[in-house]
Structures are given as C-alpha cells and as structure tokens.
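Peer 1: My questions will all concern the structure given below.
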Amino acid sequence: MRIADLLRTKGAAVATVAPGTTVTELLAGLARHNVGAMVVVTPEGGIAGIVSERDVARRLNDHGPTVLDGPVADIMTKLVASAGPEDSVDELSVLMTERRIRHVPVLENGRLAGIISIGDVVKSRIEQLEKSQEQLEAYISQG
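Position one of the sequence shown corresponds to residue 42 (our numbering), numbered consecutively onward.
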C-alpha cells in the first residue's frame, strides 16, 4: 500500500503552526485538533520543523514552565523526516521504527500534502491483516 492510499482514506488535512507561536498556544492547538504533533511552517509555506507533545514534555522537564511562554521554534525538531505519496507504508513503518518517530509529513513536489502518524500505519496494517484473514477463511470454507 502506498502513502497516497492512506491519505485518500484519512484525508490530507495537516495541523500547522508558525515558528513564533508560543508553546502554550501550541498545546491549545494540539488539544483543539486532537493531534500529537504539528508541522511548523514558515510564512512562505516551507517546513521549518515539527513539534510534538514529546518535545514539549522533554523541554518542560529540562527547563521548567518558562518554556510555555517561549516560541515553538525553540523546542521543535528541525531535521524533519518526510515521505512522498508514492512511498510504501512498509517503508514508512521502517523509517518510523528506526528513527523512533511517530509523525511524518508527506511532501509532494516540495509542498506539504499530508501527515501520517504511527496510528495511521498500525490501523492500515490491521485492516490488511483482517482482509487476509477473511480471504483465507473463505478459501478454507470453499475447499
């Protein structure tokens, strides 16, 4: 299965935030959109980074509550792993496992086209396994 197939099912909406947004505003956005990460975009629409709940928790632990008033740019991950719509979900699963990341932006022609979470990958895999099981059961019952 390709990432484009996942995006077709899930949708291409991506919650984004500007680098100057405060961490408190970020947390409100994460809650409002019910997501675990947001892509940090520049005014020109480029990707500046990605910021997750994990980033917030770690910086709060390291620096205390003053982090909440600072900009997202101070805590975001700047080296962003990305994928393309034609990449396979299996390849993405390997990337997520090796890099220990849970959210990967999808870029098409250099533009943000969606985001895939580890939950999306797991859901896709479960659906594939259920379909295979149904096919095997049908084969056995016919035989």
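Virtual Cβ for every residue (Gly too), placed ideally from N, Cα, C. All values reported here derive from a predicted model rather than from experimental measurement.
In chain order, which continuous runs of the beta strand (DSSP E) of length 3 or greater are located wholly inside the region 78–144?
Peer 2: Counting whole runs of 3 or more residues, the region 78–144 contains the beta strand (DSSP E) stretches 78–82 and 88–93.
Peer 1: Could you check whether L47 and S129 sit closer than 8 angstroms to each other, using their CB atoms as the reference points?
Peer 2: Not in contact: S129 and L47 (Cβ atoms no closer than 8 angstroms).
Peer 1: Return yes when the Cβ of V97 is within less than 8 angstroms of the Cβ of P146, no when it is not.
Peer 2: No, the Cβ-Cβ distance between P146 and V97 is not below 8 angstroms.
Peer 1: Report the residue from R143, I91 and I156 whose alpha carbon sits nearest the alpha carbon of I44.
Peer 2: For I44, the nearest C-alpha among the options comes from I156.
Peer 1: Find the nearest neighbour of G90 within the set A59, V163 and L177, judged by alpha-carbon distance.
Peer 2: Nearest C-alpha to G90: A59.
Peer 1: Are I88 and L136 touching if we call contact CB-CB under 8 angstroms?
Peer 2: Cβ atoms of I88 and L136: not closer than 8 angstroms.
Peer 1: Return helix, strand or coil for A154, following the three-state DSSP convention.
Peer 2: In the structure shown, A154 sits in a strand (DSSP, three-state: E or B).
Peer 1: Taking the alpha-carbon of T57 as reference, which of R49, S93 and T50 has the nearest alpha-carbon?
Peer 2: When each option's Cα is compared against that of T57, the closest is S93.
Peer 1: Checking the sheet assignment: what are the DSSP bridge partners for V147?
Peer 2: A124 and G155, per the DSSP bridge assignment.
Peer 1: Looking at the strands, I want to know which residues DSSP matches up with V58.
Peer 2: Beta-bridge pairing links V58 to V81.
Peer 1: Taking the alpha carbon of H144 as the reference point, which residue from N102, E168 and I159 has its own alpha carbon closest?
Peer 2: Nearest C-alpha to H144: I159.
Peer 1: What is the rounded straight-line gap between the Cα of K51 and the Cα of A179?
Peer 2: Looking at the two C-alpha atoms, the distance is approximately 28 angstroms.
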